[in-house]
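Peer 1: Sending over a structure as structure tokens; questions will come in a sec.
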Amino acid sequence: MIANLPNYIFFFLAFIAIFFAIMVITAKNPIHSCLYLVLTMFAIAANYVLLNAQFLAIVQMIVYAGAIMVLFLFTVMLLNLNADSEPVKSNLMKFAGVIVGGTLLLLFTAALRKSIGDAEPVMNSIPMQIPNHSNVGLIQNLGWVLFKDYVFPFEAISILILSAMIGAVVLGKKEKVQLSTND
Amino acid sequence: MNEFITLMKPELLLMAMIFILLISKLGVGFNQSNLMKLIQGMLLINFIAGFFMNGEGQLFDNMYHTSSLIVLEKNILNLGMVLISFLFTDWFKKCDHLAEVFVLMLTALLGMFYMISSGNLLMFYLGLEMATIPVAAAATFNLEKKVSSEAAMKMILSSAFSSGIMLFGISLIYGAMGTLDFSEIPALLNGDSLQVMAFIFLFTAFAFKMSVVPFHLWTADVYEGSPIGITAFLSVISKGAIAFVFVSTLYKVFQPFHEIWYNMIMVLSVMTMLVGNLFALRQQNIKRFLAFSSIAQVGFILIGVSSNSIQGATSVIYFVLVYIFSNLAAFGVAGLVSFFTGKENIDDYKNFYKTNPLLSWIFALALFSLSGIPPTAGFFGKLFLLTSGASNGNYAFLIIAALNMMISLFYYLKVVRAMFMDKNENPILPIQINFATKIALFVCGGGIVLAGFFGFVFDYIQALVK
Amino acid sequence: MQEIFIDKYIYLSMALFIIGMVGVMIRRNAIVVFMCIELMLNAVNLLMVAFSAKLNDAAGQMFVFFIMTVAAAEVAVGLAIIVMIYRNTRSIDINVANKLKW
Chain A
717 MIANLPNYIF
727 FFLAFIAIFF
737 AIMVITAKNP
747 IHSCLYLVLT
757 MFAIAANYVL
767 LNAQFLAIVQ
777 MIVYAGAIMV
787 LFLFTVMLLN
797 LNADSEPVKS
807 NLMKFAGVIV
817 GGTLLLLFTA
827 ALRKSIGDAE
837 PVMNSIPMQI
847 PNHSNVGLIQ
857 NLGWVLFKDY
867 VFPFEAISIL
877 ILSAMIGAVV
887 LGKKEKVQLS
897 TND
Chain B
313 MNEFITLMKP
323 ELLLMAMIFI
333 LLISKLGVGF
343 NQSNLMKLIQ
353 GMLLINFIAG
363 FFMNGEGQLF
373 DNMYHTSSLI
383 VLEKNILNLG
393 MVLISFLFTD
403 WFKKCDHLAE
413 VFVLMLTALL
423 GMFYMISSGN
433 LLMFYLGLEM
443 ATIPVAAAAT
453 FNLEKKVSSE
463 AAMKMILSSA
473 FSSGIMLFGI
483 SLIYGAMGTL
493 DFSEIPALLN
503 GDSLQVMAFI
513 FLFTAFAFKM
523 SVVPFHLWTA
533 DVYEGSPIGI
543 TAFLSVISKG
553 AIAFVFVSTL
563 YKVFQPFHEI
573 WYNMIMVLSV
583 MTMLVGNLFA
593 LRQQNIKRFL
603 AFSSIAQVGF
613 ILIGVSSNSI
623 QGATSVIYFV
633 LVYIFSNLAA
643 FGVAGLVSFF
653 TGKENIDDYK
663 NFYKTNPLLS
673 WIFALALFSL
683 SGIPPTAGFF
693 GKLFLLTSGA
703 SNGNYAFLII
713 AALNMMISLF
723 YYLKVVRAMF
733 MDKNENPILP
743 IQINFATKIA
753 LFVCGGGIVL
763 AGFFGFVFDY
773 IQALVK
Chain C
4 MQEIFIDKYI
14 YLSMALFIIG
24 MVGVMIRRNA
34 IVVFMCIELM
44 LNAVNLLMVA
54 FSAKLNDAAG
64 QMFVFFIMTV
74 AAAEVAVGLA
84 IIVMIYRNTR
94 SIDINVANKL
104 KW
């Protein structure tokens, strides 16, 4: 029972994640979608802890659930979107979307099962021994890797963030020009 | 340290330009036309500097690698950037956020450079994102137009969606092989069903970015809505960079999956050519027309990719070079007309020759080259693509390609006929062409006429590919 | 002592990914579409972390770190664009004001 505990926790978290993910795409109100997505992200963060990736779990909560989703919430509230602002897509489209998703799921499951069943399995079902002393996901270790092996992408991404900031600032600033000419 | 500077010179130069532009925005009171001259001068210097002091090698644990071929590809993209800055001088000068537009475009170019010389899936992903996010922001810079922001939204949603798909493929590759390094992947590919699945995800993302047919829905709207300079950047430079990376990824990394991707490319190429051409036939807006024609051109590029030979890679690079000249000339003329008169319909071009002989000759030349009429460079580009495709012996495929060239001839010539022969009550008034724009138009025209006759260009690229 | 199999994580993240993908296809509200894309990225992150734990290799976790950073940049630009389009058209329906699809 105790030895199986991680499995039970996993199934519980997986249920929560999938349930709220489905709620995200079915909720009529964008604010509800946003909050459900935050819950899904918490479930995923808990999974990270289960996988011994503590640093990423914290980052997931701070950056994703804390910053990005709050940005979404701000935007939704700023634009004052409510439930019936979204026109309903035709049922045919919805049906087609679900069919495509289901087909993909089926295809993927088949590929995965075949891969596991192959004589020389790549993705074999060796129990994923999470080493008790594994320190891969700890801040100290990740810091070493990040600033030694991955320093180039780390520097490279700074330019992307700079230009994204410039883009967002210009787009935000432009409002005044629009309002003064239009209204 | 010295090695670092030689190897990363193109990137370092771009970064220097980005920072100079940012500083120019902080208090240094440049007016628009001086700033434009500064930008053009810097881009020109950057392009010329690309030919000197190049090295080969790799840095940062094989995350960044470069070779003469990669330097050549970067130079081609730099050339495109210079031509864009010269061709659309008038639009850029009028733009309120000139420095920012160029910062965004240069960041995108930097991302493409990272992507081209990436030796690692992580760098590849970062480069790809860097090459799309800033352009999406820049696509909204047409202040007065609603379609402009709509185009940007379509672009960012579709690019985020496709990069999500690509990331899923990358994570499966990581799981199945335990490495992110391009140089280690080929040895580990064993045709396992999960690996094939991962590859298909990655391939789909590429198809999205290149706007290959089932995934092309965003292209026409984005091209129509964006400001013309950004449209030219997207259709020429982004597409060229993705084509380069596509070839090198398929040929070097996924070589063991050759049979899988050959079949996929064949089907997609036929679909792309057919849909691009058939929809281009019924377009009235010149930008949409050019958008669909560039989709059709991607179909031809795929023929070259499918050949899986040195000649195939060479012909793709050569075609991109030619395509930069022809498409930029076409977009340049369309941009001038839409900037000065606001007219974007093909019908407005009737009797264009009477009032603007120079522009109509350049436009006609560009359209001839795009359709592949013999003396122009476009003909040689397509010829090389088709002959390298023929090396596989799949002649039905080539017959379809040839039929598509006929269809495209029809609609390109329709525009030429409208310009030279049709009568029009109120033709477009004579356009005053800026000196810089004129130079760029002549360079494009010269490239179209001459690139085909200089066989050594092709031989030079072929020598580098080997 | 822990007995979680890697394939369970693959199935979970695949399910989340496909839910996100279906969401992108069936919703028309641009913000919700963006959220669905975030869901897809989260599924990818989960898969990366699971593989990284299985291989006992930090590269996967590093990748997740970079995906998060890029996603933040993407969201900043994307939401700015969505606010712009709302000011312009009073709607964030991805099909509205679209004259010609083809």
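Protein chains in written order, with my numbering: chain A, 717 to 899; chain B, 313 to 778; chain C, 4 to 105. Using N, Cα and C, we set each Cβ at its ideal position, and we do this for glycine too.
Give me the Cα-Cα distance between A62(C) and I21(C), rounded to the nearest whole angstrom.
Peer 2: Position 59 of the third sequence, counted from the first residue, corresponds to residue 62(C). Position 18 of the third sequence, counted from the first residue, corresponds to residue 21(C). Those two C-alpha atoms are separated by around 25 Å.
Peer 1: List the residues of chain B whose Cβ lies closer than 8 Å to the Cβ of L887(A), in chain order.
Peer 2: Taking the first residue of the first sequence as position 1, residue 887(A) is located at position 171. Those are A449, T452, listed as they occur along chain B.
Peer 1: Report yes if the C-beta distance between L640(B) and C756(B) is below 7 Å; otherwise report no.
Peer 2: Here residue 640(B) refers to the residue found at position 328 when the second sequence is read from its first residue. Here residue 756(B) refers to the residue found at position 444 when the second sequence is read from its first residue. Yes, Cβ-Cβ distance for L640(B) and C756(B) is below 7 Å.
Peer 1: Answer yes or no: does any C-beta atom of chain C fall closer than 7 Å to that of S461(B)?
Peer 2: The residue you call residue 461(B) lines up with position 149 of the second sequence. Interface residue, yes.
Peer 1: Residues in the stretch 469-482 of chain B with C-beta within 9 Å of chain C's C-beta atoms, listed in sequence order?
Peer 2: From the stretch 469-482 of chain B, only L469, S471, A472, F473, S475, G476, I477, L479, F480, I482 have a Cβ closer than 9 Å to chain C.
Peer 1: Let me make sure I understand the geometry here. Which of P722(A), T791(A), A769(A) has the alpha-carbon closest to that of Q856(A)?
Peer 2: In the first sequence, the residue the question calls residue 856(A) occupies position 140. The shortest C-alpha separation from Q856(A) is found at A769(A).
Peer 1: According to the neighbour-count rule (16 or more other Cβ atoms, all chains shown, within 10 Å of its Cβ), is P707(B) buried or exposed?
Peer 2: The residue labelled residue 707(B) in the question sits at position 395 within the second sequence. Note that residue 707(B) corresponds to Tyr in the displayed sequence, not to Pro. Label assigned to Y707(B): exposed.
Peer 1: Classify Q596(B) as buried or exposed, calling it buried when 16 or more other Cβ atoms lie within 10 Å of its own Cβ.
Peer 2: The count along the second sequence starts at 1 and reaches residue 596(B) at position 284. Q596(B) should be labelled exposed.
Peer 1: Who are the near neighbours of I549(B) in its chain, counting only those whose CB is closer than 6 Å to its CB and skipping five residues on each side?
Peer 2: One-based indexing of the second sequence puts residue 549(B) at position 237. Hits under 6 Å: L389, G392.
Peer 1: Closer than 9 Å by beta-carbon distance: list the chain A residues that pair up with L49(C), in chain order.
Peer 2: Here residue 49(C) refers to the residue found at position 46 of the third sequence. Neighbours of L49(C) on chain A, chain order: A733, I760, N763, Y764, L767.
Peer 1: Can you find a CB in chain C that lies within less than 7 Å of the CB of V867(A)?
Peer 2: The count along the first sequence starts at 1 and reaches residue 867(A) at position 151. False, the Cβ-Cβ gap to chain C never drops below 7 Å.
Peer 1: If the criterion is Cβ atoms closer than 7 Å, does the pair V525(B) and M583(B) meet it?
Peer 2: If you number the second sequence from 1, residue 525(B) lands on position 213. If you number the second sequence from 1, residue 583(B) lands on position 271. Against a cut-off of 7 Å, the Cβ pair of M583(B) and V525(B) comes out as a contact.
Peer 1: In chain C, what lies closer than 8 Å to I784(A) by C-beta?
Peer 2: Locating residue 784(A) in the first sequence gives position 68, where the first residue counts as 1. The answer, in chain order, is E41, A74, A75, V78.
Peer 1: Mind listing the chain A neighbours of I108(C)? Cutoff is C-beta to C-beta under 7 Å, in chain order.
Peer 2: Residue 108(C) lies beyond the residue range present for chain C, which begins at 4 and ends at 105; the question has no answer from this structure.
Peer 1: Pull up the DSSP beta-bridge partners for S379(B), would you.
Peer 2: Position 67 of the second sequence, counted from the start, is the residue given in the question as residue 379(B). Answer is none; S379(B) lacks a bridge partner.
Peer 1: Would you call the CB atoms of V73(C) and M51(C) closer than 7 Å?
Peer 2: Position 70 of the third sequence, counted from the first residue, corresponds to residue 73(C). Position 48 of the third sequence, counted from the first residue, corresponds to residue 51(C). Not closer than 7 Å, so no.
Peer 1: Say whether chain C places a C-beta atom closer than 7 Å to the C-beta of F824(A).
Peer 2: Looking up residue 824(A) in the first sequence gives position 108. It does: the Cβ of F824(A) has a partner Cβ on chain C nearer than 7 Å.
Peer 1: Distance check for V80(C) and G476(B), CA to CA, integer angstroms please.
Peer 2: Within the second sequence, numbered from 1, the residue matching residue 476(B) stands at position 164. Within the third sequence, numbered from 1, the residue matching residue 80(C) stands at position 77. Distance between the alpha carbons of G476(B) and V80(C) is about 17 Å.
Peer 1: Below 7 Å on C-beta distance, what does S831(A) contact in chain B?
Peer 2: As a first step, residue 831(A) must be located in the first sequence, where it is residue number 115. D504, S505, L506, listed in chain order.
Peer 1: The beta strand (DSSP E) spanning Q609(B) covers which residue range?
Peer 2: Taking the second sequence and counting its residues from 1, the one referred to as residue 609(B) is at position 297. From DSSP, Q609(B) is part of no beta strand (DSSP E) but of the alpha helix (DSSP H) over 598-618.
Peer 1: Can you check DSSP and say which residues form a bridge with S560(B)?
Peer 2: On the second sequence, position 248 is the one that residue 560(B) refers to. For S560(B), which the question treats as bridged, DSSP gives no partner whatsoever.
Peer 1: Straight-line CA distance for K778(B) to S621(B)?
Peer 2: Translated into positions along the second sequence, residue 778(B) becomes position 466. Translated into positions along the second sequence, residue 621(B) becomes position 309. Whole-angstrom Cα-Cα distance: 10 Å.
Peer 1: Applying the 10 Å Cβ sphere with the 16-neighbour rule, what's the burial state of H528(B)?
Peer 2: For the purposes of this step, residue 528(B) is taken as the residue at position 216 of the second sequence. H528(B) should be labelled buried.
Peer 1: Going along the chain, which residues of the stretch 373-402 of chain B sit with their C-beta nearer than 8 Å to a C-beta in chain D?
Peer 2: Within the model displayed, chain D is absent; protein chains A, B and C are what it includes.
Peer 1: Tell me the residue span of the alpha helix (DSSP H) that contains T369(B).
Peer 2: What you label residue 369(B) is simply residue 57 of the second sequence in a count that begins at 1. Residue identity differs from the one stated: residue 369(B) is Gly in this sequence, not Thr. Element bounds for G369(B): not the alpha helix (DSSP H) but the beta strand (DSSP E), 369-371.
Peer 1: For I815(A), decide whether its Cβ has a neighbour in chain C, counting only Cβ atoms nearer than 7 Å.
Peer 2: Walking along the first sequence from the start, residue 815(A) turns up at place 99. No, because no Cβ of chain C sits closer than 7 Å to the Cβ of I815(A).
Peer 1: When the Cα atoms are used, what is the spatial distance from T825(A) to N796(A)?
Peer 2: As a position in the first sequence, residue 825(A) is number 109, starting the count at 1. As a position in the first sequence, residue 796(A) is number 80, starting the count at 1. Using only the alpha carbons, I get a separation of about 41 Å.
Peer 1: Nearest CA to the CA of F291(B): which residue from T688(B), A748(B), A763(B), I658(B)?
Peer 2: This structure cannot settle anything about residue 291(B), because the visible part of chain B is limited to 313 through 778.
Peer 1: Between M87(C) and chain B, is the shortest Cβ-Cβ distance under 7 Å, so that the two count as touching?
Peer 2: Translated into positions along the third sequence, residue 87(C) becomes position 84. Yes, M87(C) counts as interfacial toward chain B.
Peer 1: May I ask which residues mark the beginning and end of the alpha helix (DSSP H) holding L15(C)?
Peer 2: For the purposes of this step, residue 15(C) is taken as the residue at position 12 of the third sequence. Counting along the chain, the alpha helix (DSSP H) containing L15(C) begins and ends at 9-29.
Peer 1: Have a look at F316(B), G541(B), L433(B) and flag the residue whose alpha-carbon is nearest the alpha-carbon of M365(B).
Peer 2: The count along the second sequence starts at 1 and reaches residue 365(B) at position 53. The residue with the shortest Cα to Cα distance from M365(B) is F316(B).
Peer 1: Could you check the C-alpha separation between M410(B) and F404(B) for me, to the nearest Å?
Peer 2: Within the second sequence, numbered from 1, the residue matching residue 410(B) stands at position 98. Within the second sequence, numbered from 1, the residue matching residue 404(B) stands at position 92. The sequence shown places Leu at residue 410(B), not Met. Each residue's alpha carbon lies about 6 Å from the other.
Peer 1: Using the beta-carbon of each residue, which ones in chain C are nearer than 9 Å to K458(B)?
Peer 2: As a working note, residue 458(B) is residue 146 in the second sequence. The answer, in chain order, is I88, N91, T92, A100.
Peer 1: So does A53(C) have its beta carbon nearer than 6 Å to some heavy atom of the ligand ADP?
Peer 2: Among the components modelled here there is no ligand, and therefore nothing to report on the ligand ADP.
Peer 1: Are the C-beta atoms of I882(A) and some chain B residue less than 7 Å apart?
Peer 2: Against the first sequence, residue 882(A) aligns to sequence position 166. True, the Cβ-Cβ gap to chain B drops below 7 Å.
Peer 1: Between the C-alpha atoms of M24(C) and Y661(B), what's the straight-line distance to the nearest angstrom?
Peer 2: Taking the third sequence and counting its residues from 1, the one referred to as residue 24(C) is at position 21. Taking the second sequence and counting its residues from 1, the one referred to as residue 661(B) is at position 349. Each residue's alpha carbon lies about 43 Å from the other.
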